[in-house]
Amino acid sequence: MGALSVAAAGSIPRGVGPEFASHYHAKDSFRCIANPDVEISLSRVNDNTCDCPDGSDEPGTAACAHIDPLSPQQPLPGSSSGTTNTKNSLPGFWCENKGHIGTYVPFIYVNDGICDYDLCCDGTEEYASVRGTKCENRCAEIGKEYRRLAEEKDKKMKNAQNQRSKMISDSEALRKRTETRIIELQNEIRATLASKVALDAKYKALQKKDSNRVVKSGGGGKLGILLGQAKSRVNELREVLTKVSDERDQLRIKVNDLHTVLRKLKEEYNPNFNDEGVKAAVKSFEDFAAREAEQSPAGEDDVSSVLAEDGEHNGVNWAEFESSDDDGDIIYSFDAYLPASLREFIQNQKAAIRDWLVENGLLAEKENTGSESQATREAREAKENAENDLRKKEQDLESEKSDLSKDYGPSNIFRSLKGQCIDIDAGEYTYELCWLDKTSQKSKKGHGNTNMGNFKRIDHEVADDEERLDGKSLGKGTRMVLRYEDGQACWNGPNRRTDVWLGCSDKEELWRVTEAEKCVYKMEVGTPAACDEQLESEAHVKDEL
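Quick note, the sequence shown lines up with residues 1 to 545 if you use UniProt numbering.
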């Protein structure tokens with residue numbers, strides 16, 4: 001016991017941390033820290049017997065290791081007070097760790113026969129050499145490696161801040177580009193709308209002109225009807241001929257294959273064998289080949305010419321018949337006999353009178369059962385193209401406006417990550433995060449992809465993780481959390497969702513993926529976008545401590 005007690009009056013007992021040293025300066029007695037009314041002799045400090053209700057008389061042994069908030073209420077063995085205090089006033093056994101960072105080791109680790117170098121690199125928690133355990137002092141090498149990693153981490157954090165500044169700058173440029181695009185689209189829409197109005201008017205004027213013609217080439221006259229039927233019939237015959245031509249080509253391939261087989265049979269069979277069947281087959285093939293040689297091949301050019309589309313330089317130029325006035329029109333167009341100075345006036349007056357009669361129900365409007373004129377068709381197509389162009393520009397404008405109002409996080413920083421994805425391999429799956437889009441689970445065995453959630457919003461939650469020297473930790477404090485919800489439904493369960501926790505890193509990387517509960521996933525992700533918030537939160541936590 002004497003080896004475990006205070007060595008000399010006035011010295012600080014083993015295991016006492018610097019912030020508690022003032023409680024142990026008395027020369028001949030000690031008052032329990034949380035129970036100062038309990039006073040014991042200094043020789044009972046570190047005597048491996050728990051005398052104080054708060055365990056403060058055993059800073060250097062494991063005698064009071066059982067005292068913690070989770071311990072059941074019970075009389076403390078060997079305690080002169082007989083109380084049932086269940087909280088130790090000391091955080092643990094103090095390891096000075098010269099050359100590294102001093103820290104407290106849980107009392108239960110003291111003299112347990114195991115060197116706890118991750119906490120006590122100087123080995124002082126095993127001073128009793130239980131079971132012959134000797135823990136050498138490794139603080140020099142551990143401290144050196146720690147400082148190297150800490151310096152590397154500091155460099156990464158500085159680089160992360162630079163990357164974050166660049167991301168903010170890029171995001172601002174992208175936001176301005178979107179604003180500029182919105183202005184451009186608004187101007188284009190106004191111009192397209194004006195063009196559409198003009199094209200509408202032109203098309204209606206041409207329609208009216210067509211409807212007011214006494215005789216039209218593609219109108220309701222017999223010639224127009226005949227023209228439409230002839231064109232339809234020619235197209236039907238061309239389709240049939242195309243199918244026949246395709247079937248002919250297939251048959252030619254089969255005949256050529258048969259030629260090859262029979263020619264080989266003719267060249268290789270032995271005429272000395274009395275196989276009448278083979279001889280008859282060879283003779284028939286020779287007769288067929290002779291007849292085929294005498295026949296002239298069908299004109300391929302003629303067939304190709306017939307199959308080619310009708311147009312200005314091939315076949316029938318239907319446009320000429322559809323757009324040109326009939327030769328007999330001049331007979332019925334009496335205004336053609338008028339002087340040029342009166343012709344336009346008469347035509348306008350005639351059209352106006354007819355429109356008035358139609359509008360007032362005095363004259364039925366003529367139906368154009370034939371083809372519209374080429375000019376009218378071109379005007380209609382131009383009008384439809386303008387309508388489609390206007391519709392697309394309006395959709396693009398709505399998309400750009402929606403993008404501009406979307407929440408891209410502080411300083412719009414996530415705008416610079418739009419369209420980018422990161423992933424990590426874990427077992428037989430690859431997990432993928434697409435920024436502000438979706439999260440996915442991809443099978444490495446080709447079983448398909450699973451949607452783990454679609455982006456909904458940005459939240460904040462408090463993290464309480466241990467710091468890691470490699471920096472790949474959420475640490476302690478408030479962190480951004482991206483919510484991905486409404487993913488693929490689990491078998492006999494809810495739709496999948498993913499909470500993406502963001503920690504500070506000098507690059508975008510997916511650190512870990514865990515399934516917190518059924519169909520609810522947690523991704524821990526590093527990104528420069530989280531750095532300012534994390535550093536501010538950590539500073540706040542340190543201030544509170």
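For every residue, glycine included, the Cβ atom is placed at its ideal position computed from N, Cα and C.
Bear in mind that the values here come from a model prediction, so they are computed numbers and not experimental data.
Judging by CA-CA distance, which residue of Glu179, Gly277, Leu251 and Ala281 is the nearest neighbour of Leu262? On the sequence shown, residue 262 is found 262 positions in, with the first residue counted as 1. Shortest Cα-Cα distance from Leu262 to any of Glu179, Gly277, Leu251 and Ala281 involves Ala281.
Tell me which residue opens and which closes the beta strand (DSSP E) that Ala201 is part of. Start at 1 with the first residue of the sequence shown, and residue 201 comes out as number 201. No beta strand (DSSP E) holds Ala201; the alpha helix (DSSP H) holding it covers Cys139 to Ser211.
Just how far apart, CA to CA, sit Glu286 and Pro271? As a working note, residue 286 is residue 286 in the sequence shown. As a working note, residue 271 is residue 271 in the sequence shown. Straight-line Cα distance between these residues: approximately 15 angstroms.
contact_flag[the region 460 to 474, the region 419 to 437] where n(CB pairs < 8 angstroms) is 3 or more: no
Simplified DSSP state of Val16, which is helix, strand or coil: Within the sequence shown, residue 16 is the residue found at index 16, counting from 1. In this structure, Val16 counts as coil in the three-state DSSP scheme.
Taking the straight line between their C-alpha atoms, what separation do you get for Gly17 and Arg148? The count along the sequence shown starts at 1 and reaches residue 17 at position 17. The count along the sequence shown starts at 1 and reaches residue 148 at position 148. Taking the straight line from one Cα to the other gives about 26 angstroms.
Which one of Lys383, Leu357 and Asn48 has the shortest CA to CA distance from Ala62? Here residue 62 is taken as the residue at index 62 of the sequence shown, counted from 1. Cα-wise, what sits closest to Ala62 is Asn48.
With a cut-off of 8 angstroms on the beta carbons, I'd call Arg164 and Asp532 a contact; round off their distance for me. Here residue 164 is taken as the residue at index 164 of the sequence shown, counted from 1. Here residue 532 is taken as the residue at index 532 of the sequence shown, counted from 1. The pair is a contact, with the Cβ atoms about 6 angstroms apart (cut-off 8 angstroms).
Helix, strand or coil for residue 548? Go by DSSP, reduced to three states. Given that the chain is displayed from residue 1 to residue 545, the structure contains no residue 548 and the question cannot be resolved.
Reduced DSSP category for Ala489 - H, G, I as helix; E, B as strand; rest coil: For the purposes of this step, residue 489 is taken as the residue at position 489 of the sequence shown. Strand at Ala489.
Can you tell me whether Arg457 is helix, strand or coil according to DSSP? As a working mapping, residue 457 is identified with position 457 in the sequence shown. DSSP places Arg457 in strand when its eight states are reduced to three.
Since Trp501 sits in a beta bridge, which residues does DSSP pair it with? Walking along the sequence shown from the start, residue 501 turns up at place 501. Trp501 is bridged to Val481 and Glu524.
Which residues mark the beginning and the end of the beta strand (DSSP E) in which Arg512 is found? Along the sequence shown, read from residue 1 onward, the residue named residue 512 stands at position 512. Here the beta strand (DSSP E) through Arg512 covers Glu509 to Glu517.
Between the beta-carbon of Ile168 and the beta-carbon of Ile12, is there less than 8 angstroms? By one-based count along the sequence shown, residue 168 stands at place 168. By one-based count along the sequence shown, residue 12 stands at place 12. Their beta carbons are not under 8 angstroms apart, which means Ile168 does not touch Ile12 by this criterion.
Spatial neighbours of Ala65 in its chain, beta-carbon cut-off 6 angstroms, leaving aside the 5 residues before and after: By one-based count along the sequence shown, residue 65 stands at place 65. Here the set comprises Phe107 and Ile108.
So, is Ile33 buried or exposed, given that buried needs 16 or more other C-beta atoms within 10 angstroms? Start at 1 with the first residue of the sequence shown, and residue 33 comes out as number 33. So Ile33 counts as buried.
Which residue marks the beginning of the beta strand (DSSP E) containing Glu432, and which one marks its end? In the sequence shown, residue 432 corresponds to position 432, counting from 1. For Glu432, the uninterrupted beta strand (DSSP E) run begins and ends at Tyr429 to Cys434, by DSSP.
CA-CA distance, Pro59 and Asp470? In the sequence shown, residue 59 corresponds to position 59, counting from 1. In the sequence shown, residue 470 corresponds to position 470, counting from 1. When rounded, the distance between both Cα atoms is 33 angstroms.
Taking the alpha carbon of Pro528 as the reference point, which residue from Asp257, Leu237, Arg479 and Pro494 has its own alpha carbon closest? On the sequence shown, residue 528 is found 528 positions in, with the first residue counted as 1. It is Arg479 whose Cα lies nearest to the Cα of Pro528.
Please name the residue or residues paired with Gln441 in a DSSP beta bridge. As a first step, residue 441 must be located in the sequence shown, where it is residue number 441. According to DSSP, Gln441 bridges with Tyr431 and Thr450.
Ser29 - partner residues in DSSP beta bridges: What you label residue 29 is simply residue 29 of the sequence shown in a count that begins at 1. According to DSSP, Ser29 bridges with Ser41.
Look at the alpha carbon of Asn348 and the alpha carbon of Trp356, and state the distance between them as a whole number of angstroms. Along the sequence shown, one-based indexing puts residue 348 at 348. Along the sequence shown, one-based indexing puts residue 356 at 356. Whole-angstrom Cα-Cα distance: 12 angstroms.
Inter-stretch contact (C-beta, 8 angstroms, three-pair minimum) for the region 442 to 459 and the region 495 to 507: yes
Using the Cα positions of Lys392 and Thr178, report the straight-line distance between them to the nearest angstrom. Your numbering for residue 392 matches position 392 in the sequence shown. Your numbering for residue 178 matches position 178 in the sequence shown. Each residue's alpha carbon lies about 17 angstroms from the other.
Run through DSSP, which three-state label would Thr242 get? Here residue 242 refers to the residue found at position 242 of the sequence shown. Reduced to three states, the DSSP call for Thr242 is helix.
Coil, strand or helix - Ile353 by DSSP: Indexing the sequence shown from 1 puts residue 353 at position 353. If DSSP states are grouped into helix, strand and coil, Ile353 belongs with the helices.
Same chain only: Cβ atoms within 6 angstroms of Glu172, ignoring 5 sequence neighbours per side: Translated into positions along the sequence shown, residue 172 becomes position 172. Around Glu172: no qualifying Cβ.
Checking the sheet assignment: what are the DSSP bridge partners for Asp423? As a first step, residue 423 is located in the sequence shown; it is residue number 423 there, counting from the start. Glu432.
Report yes or no: do the region 185 to 204 and the region 375 to 391 share at least 3 C-beta pairs separated by less than 8 angstroms? yes
Excluding five sequence neighbours on each side, which residues of the same chain lie with their C-beta closer than 6 angstroms to the C-beta of Ala375? Walking along the sequence shown from the start, residue 375 turns up at place 375. Counting only Cβ-Cβ distances below 6 angstroms, and skipping sequence neighbours, we find Leu206.
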